[in-house]
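Undergrad:
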Amino acid sequence: MQERALSQWKVGPSTSDMNILELAARFEDSGVSAIIYTDIDRDGVLSGVNIEGTLALASKVEIPVIASGGLSSLQELKNLLDEAKGKIAGIICGRALYENRINLEDALGILSHGGREC
29 MQERALSQWK VGPSTSDMNI LELAARFEDS GVSAIIYTDI DRDGVLSGVN
79 IEGTLALASK VEIPVIASGG LSSLQELKNL LDEAKGKIAG IICGRALYEN
129 RINLEDALGI LSHGGREC
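In terms of the working numbering, the sequence shown opens at residue 29 and continues consecutively.
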């Protein structure tokens, strides 16, 4: 995982040196019901979800973690589901849908069959 993914997070124009895993634990202790993990370097550029970072976060908290940022194809969705092995509660898909790179019905079919095409 990129060092930045663990050691910094960004809010608006400023960056914090707080470890993202420590921050997630604080949120969990405060009663947050889920975390959306977005790799800001991948969001909206169709370069692939940061699976490693998302799984690292999901393994450190008990609350659901939702992957976000970079999903670009149905194959990538299948790969994510295969590697996640149930540790990720969901995935957000934006630009790939808008640009018709992913068909929503096909994606939902894959999700409903645990990563296998229906």
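From the three backbone atoms N, C-alpha and C, an ideal C-beta is built for every residue, glycine too.
(1) Would Val93 be called buried (16 or more neighbouring beta carbons within 10 Å of its own) or exposed?
(2) Within 7 Å (strictly less), CB to CB, does Val89 reach chain B?
(3) Looking at the unbroken beta strand (DSSP E) that takes in Gly118, where does it start and where does it end?
(4) Report back the beta-carbon spacing between Ala95 and Ile130 to the nearest angstrom; my notes put them in contact at under 8 Å.
(5) Is Ala62 helix, strand or coil when you go by DSSP?
(6) Should Leu136 be labelled buried (16 or more other beta-carbon atoms within 10 Å of its own) or exposed?
(7) One question on the structure: do Tyr65 and Leu49 come within less than 7 Å of each other, judged by their Cβ atoms?
TA: Looking at the atomic coordinates:
(1) As a position in the sequence shown, residue 93 is number 65, starting the count at 1. Buried, because 16 or more other Cβ atoms sit within 10 Å of the Cβ of Val93.
(2) No chain B appears in the structure shown, which is made up of a single protein chain.
(3) By 1-based counting over the sequence shown, the position of residue 118 is 90. From DSSP, the beta strand (DSSP E) with Gly118 extends over 118-120.
(4) Indexing the sequence shown from 1 puts residue 95 at position 67. Indexing the sequence shown from 1 puts residue 130 at position 102. That belief does not hold up - the Cβ atoms of Ala95 and Ile130 are roughly 14 Å apart, past 8 Å.
(5) Position 34 of the sequence shown, counting from 1, holds the residue named residue 62. Of the three classes helix, strand and coil, the one that applies to Ala62 here is coil, per DSSP.
(6) Position 108 of the sequence shown, counted from the first residue, corresponds to residue 136. Burial call: exposed.
(7) One-based indexing of the sequence shown puts residue 65 at position 37. One-based indexing of the sequence shown puts residue 49 at position 21. Not in contact: Tyr65 and Leu49 (Cβ atoms no closer than 7 Å).
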